[in-house]
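**Q** Please find one structure pasted underneath; my questions will follow.
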Amino acid sequence: MKKILYVLAVVTLLGTGCKKDFLSPDQIDLVYNEVFWKTEKDAEKAVLGTYALYRGLMVNAQLYNRGDVTTGLLNRGWNGGSSDAFYKPGDFANVSSTNKSWGSIESYADWNAFYKVVAQTNLVIDKVEAMPENVFKNGSKNKLLGEAYFLRALTYYNIANFWGNAPLITESIESSSQVISPDNMLINVGRSSDKEITAQVLADAGKAAELLSYGIPGNAEWGIRANKGSAQALQGYANLWMAFLKKRDGEAPAENIAAAVTALEGAVTKGNYSLAPYTNETAILNMYRGQSSEAVFELNISLDQKESYRADQGGIEQITAKLPPLDGDVTKDRANFINWVPYNRKEFVYPEYPEDRRADLFWDAWSSIYNEPFSDVSAVATDRNKVTWMKKFASFTVDPARQWNEYNAYFAEANIPIFRFTDIKLLLAEAYVKNNNAPAALPIINEIRGRAGLLPFSGADVLEEVLRQRTAELIGEGKIFFDYVRNNYWPFSSAMTPDRYAQKGYYWPVSGNIITTNKLVGQTPYWNGKTIW
């Protein structure tokens, strides 16, 4: 039987003068099963390779584009930023039109990179479980297995959010006979239901929570490698997603809501996390640089650790942040190349501004009244200092190998948050409300409001206030669109119409390349005839 070569990704910075390549698994070690999986170091390397694959998948602003730009709260700049197809309605009546909303963005419809991570986790779980206990230090085997289960759960959770119905593969590929039939035909796998995918997330996240221990603040691994609190956070998210799916389909969601409460209470009360102070802009930048008291799980970005990328050429910073020109010429600050918040969306995000200090801590020029993108040729938006851009991830280091004519040559220094403590506390508040215990949500809401400089909540709709606080806190972190989907909450006109939502148009289309090569995969029903491919 022909053995397959396994690929373990070892992600390294491609030299400090790298340009377009960043955190992609370009450097690999090819290993044979017969000579690998012998020591704890082998297992550790495999797990770290899986983190690297996942980070390489998410470092390109994918979560931000899918989870924030899609809400319509942000617009692209005059000359750059995210595609407006993320947030504008499509022209589906005109067959020849290329304006097809998400159906215009085929790269985001391709799930192949997600399944590369899944394949790696399947391999790690299978091989590490089979390794004898005596090659590991006390507890190390469980820890490494727990991290692998967590990463598989997290990847499938993303797949569940993005595509819903998708192939479910948990088998480690050991031989060519598993992918090639006896008559030399490719063995394809069809789409499982969104509830089956989410059930797998719950099973894997539960296994991870069993195997892992809570993290220790200040430890080198704090926040950037999964621990029990990370797994419980994912359990909370997946249970609330399952509750949404069951309610949508006319089934009782109570069991999953109660399970979300239990998991999230564990993370909040035992995970050793605490809210970071919102005292000034430096405090905010420090929180997003990473491994703060709020770091439940985040993707490490650090030039010193050779895990960074050029902020002017990729990642979330490229489409969200001004970069101070190194030659002092302010006209090169990229103000017209980045996303911004229009004035007509601001009252929704921070309705109690200027009392709400988050507006000025997270954003520059929140008081700007521009409803058009900045441009030198605009009739009204001509002041680059009035572009409302996000400062959360604006931590940079100058590229020491920059060329003399590179005026925005910075490396990114902000971690990518997957779960942070504010997020998890507000998610627990949502779970409390849905578990018929709204009074338990109020202390969380008021704690978050108080840190922002606001008075305690005095309104009647507690769930809506949770969602408003999640918007105010988490905008830019890849969560808000999925909050809105989970709660069917669309407070202003956007591309998500009631008809589109009813037809599950919150799921992405599938790339034509996938449909062509896998005959068992059909197009997401809402997107039939609505894509450019």
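At position 75 of the sequence shown (counting the first as 1) the number is 154 in our numbering, and the numbers step up by one without a gap. No residue lacks a Cβ here, since even glycine has one placed at the ideal position from N, Cα and C.
Taking 6 Å as the limit between beta carbons, can you name the residues of its chain near F165, skipping five residues before and five after?
**A** Excluding sequence neighbours, F165 sits near N144, V148, T149.
**Q** Here's the rule I'm using: 16 or more other beta-carbon atoms within 10 Å means buried, otherwise exposed. How should N607 be labelled?
**A** exposed
**Q** Using the Cα positions of K167 and K179, report the straight-line distance between them to the nearest angstrom.
**A** 9 Å
**Q** Just the Cα atoms here: how many angstroms apart are E208 and K124?
**A** 15 Å
**Q** Does DSSP classify D435 as helix, strand or coil?
**A** coil
**Q** From S292 to L343, what distance separates their C-alpha atoms?
**A** The straight-line gap from Cα to Cα measures roughly 15 Å.
**Q** Helix, strand or coil, according to DSSP, for L378 in the structure here?
**A** strand
**Q** With DSSP as the reference, identify every bridge partner of Y489, one or two as the case may be.
**A** V477
**Q** Check whether the stretch 186 to 195 and the stretch 263 to 280 touch, using three or more Cβ-Cβ pairs below 8 Å as the test.
**A** Two segments are said to touch when three or more pairs of C-beta atoms, one from each, lie closer than 8 Å; by this definition the stretch 186 to 195 does not touch the stretch 263 to 280.
**Q** So is S537 buried or exposed if we call it buried at 16+ other beta carbons inside 10 Å?
**A** exposed
**Q** Let me make sure I understand the geometry here. Which of K598, G591, Y605, P604 has the alpha-carbon closest to that of W612?
**A** Nearest C-alpha to W612: G591.
**Q** Can you tell me whether DSSP reads A131 as helix, strand or coil?
**A** helix
**Q** Would you decide whether L136 is buried or exposed? Buried here means 16 or more other CB atoms lie within 10 Å of its CB.
**A** buried
**Q** So, under 8 Å CB-CB, M366 and E373 are touching, yes? Tell me the CB distance rounded to an integer number of Å.
**A** 6 Å
**Q** Is F115 helix, strand or coil by DSSP?
**A** coil
**Q** Return yes when the Cβ of W242 is within less than 9 Å of the Cβ of Y605, no when it is not.
**A** No, they are not a contact pair.
**Q** With contact counted as at least three CB pairs below 8 Å, one residue from each stretch, are the stretch 323 to 333 and the stretch 442 to 459 in contact?
**A** At 8 Å Cβ cutoff, the stretches do not touch.
**Q** Relative to the alpha-carbon of Q257, which residue among E226, A278, E275, A198 has its alpha-carbon at the smallest distance?
**A** A198
**Q** Can you tell which of F561, D439, P433, P452 has the C-alpha that lies nearest to the C-alpha of N418?
**A** P452
**Q** Any idea if Q311 is buried or exposed, counting beta-carbon neighbours within 10 angstroms, 16 or more meaning buried?
**A** buried
**Q** Going by alpha carbons, who is nearest to A288 out of I276, N298, L313, S271?
**A** L313
**Q** Going along the chain, which residues of its own chain have a beta-carbon closer than 7 Å to the beta-carbon of P404, five neighbours each way excluded?
**A** Hits under 7 Å: K411, D412, Y486, N487.
**Q** Thinking just about the alpha-carbon of each residue, which of F229, G308, I276, E253 is nearest to the one in A284?
**A** F229
**Q** Decide yes or no for the touch test of the stretch 565 to 582 against the stretch 229 to 239: beta carbon pairs closer than 8 Å, at least 3 of them.
**A** Contact between the stretch 565 to 582 and the stretch 229 to 239 is absent, because fewer than three Cβ pairs lie under 8 Å.
**Q** Pull up the CB-CB distance for S454 and W116, whole angstroms please, since I reckon it's below 8 Å.
**A** Not confirmed; about 57 Å, so no contact.
**Q** Given this structure, state the Cα-to-Cα distance separating L152 from V466, to the nearest angstrom.
**A** 14 Å
**Q** Measuring straight from C-alpha to C-alpha, what distance separates P613 and R389?
**A** The question about residue 613 has no answer here: the residues shown for the chain are numbered 80 through 612.
**Q** Going by DSSP, which residues form a beta bridge with S271?
**A** A245
**Q** Can at least three beta-carbon pairs, one atom from the stretch 512 to 531 and one from the stretch 544 to 552, be found at a separation below 8 Å?
**A** yes
**Q** Any idea what DSSP makes of W419, helix, strand or coil?
**A** strand
**Q** Measure from the alpha carbon of L202 to the alpha carbon of each residue in E212, S219, L224, S309, then state which is nearest.
**A** Measuring C-alpha to C-alpha distances from L202 to each of E212, S219, L224, S309 identifies L224 as the nearest.
**Q** So, N298 versus D273, is the Cβ gap smaller than 9 Å?
**A** no
**Q** Under 9 Å between the Cβ atoms of F561 and W320?
**A** yes
**Q** Is the CB of Y580 under 9 Å away from at least one CB in chain B?
**A** Included in the structure is just one protein chain, with no chain B present.
**Q** DSSP three-state label for N494, please.
**A** Coil at N494, not helix or strand.
**Q** If you compare alpha carbons, which of T501, A338, S474, D391 is closest to G160?
**A** D391
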